[in-house]
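Undergrad:
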Amino acid sequence: MSASLKNQQGFSLPEVMLAMVLMVMIVTALSGFQRTLMNSLASRNQYQQLWRHGWQQTQLRAISPPAHWQVNRMQTSQAGCVSISVTLVSPGGREGEMTRLHCPNRQ
Numbered sequence: 024m025s026a027s028l029k030n031q032q033g034f035s036l037p038e039v040m041l042a043m044v045l046m047v048m049i050v051t052a053l054s055g056f057q058r059t060l061m062n063s064l065a066s067r068n069q070y071q072q073l074w075r076h077g078w079q080q081t082q083l084r085a086i087s088p089p090a091h092w093q094v095n096r097m098q099t100s101q102a103g104c105v106s107i108s109v110t111l112v113s114p115g116g117r118e119g120e121m122t123r124l125h126c127p128n129r130q
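According to my numbering, the residues represented by the sequence shown are 24 to 130, in order.
Dropping the structure here:
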């Protein structure tokens with residue numbers, strides 16, 4: 024072997040330990056960020072589902088709600104217009120309320 028290869032040394036134990044600690048801290052921080060991101064995306068998805076199903080239930084002819092969703096629909100008429108109020112509860116417990124007013128086109 025050449026003399027230059029015999030004199031080379033690797034990292035010291037404190038350097039390796041410090042690198043390991045830093046790597047563990049970074050991986051832990053990234054996993055926490057990923058968990059938070061996934062929770063916020065799931066919450067946003069539930070909100071969008073609630074909005075979409077609420078919009079469908081406030082149509083003049085409502086479709087049947089998805090399984091395990093609770094729907095309370097109230098319809099009133101006044102002066103030729105129809106007001107439809109809906110309260111929805113998702114299977115996850117998220118609750119929403121929407122009201123729409125349907126008036127015929129007058130010419």
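Even glycine gets a Cβ: it sits at the ideal position worked out from N, Cα and C.
(1) What residue range does the beta strand (DSSP E) around L124 cover?
(2) For T122, which residues from the same chain have a beta carbon less than 8 Å from its beta carbon, with the 5 sequence-adjacent residues on both sides left out?
(3) Does DSSP classify T59 as helix, strand or coil?
(4) Just how far apart, CA to CA, sit M43 and F34?
(5) Is R67 helix, strand or coil by DSSP?
(6) Expressed to the nearest angstrom, what Euclidean distance is found between the alpha-carbon atoms of A144 and L83?
(7) What would DSSP say about I107, mapped onto helix, strand or coil?
(8) Among M97, M40, R96, L73, which residue has its Cα nearest to the Cα of G115?
(9) What would DSSP say about T81, mapped onto helix, strand or coil?
(10) What are the boundary residues of the beta strand (DSSP E) that N128 is part of?
(11) Do you know whose CA, among T59, V50, G77, lies nearest R96's CA?
TA: Working from what's here:
(1) 118–125
(2) T81, S106, I107, S108, V109
(3) helix
(4) 12 Å
(5) helix
(6) Nothing about residue 144 can be read from this structure; the chain reaches only from 24 to 130.
(7) strand
(8) L73
(9) coil
(10) Note, N128: premise wrong, no beta strand (DSSP E); not H, not E.
(11) G77
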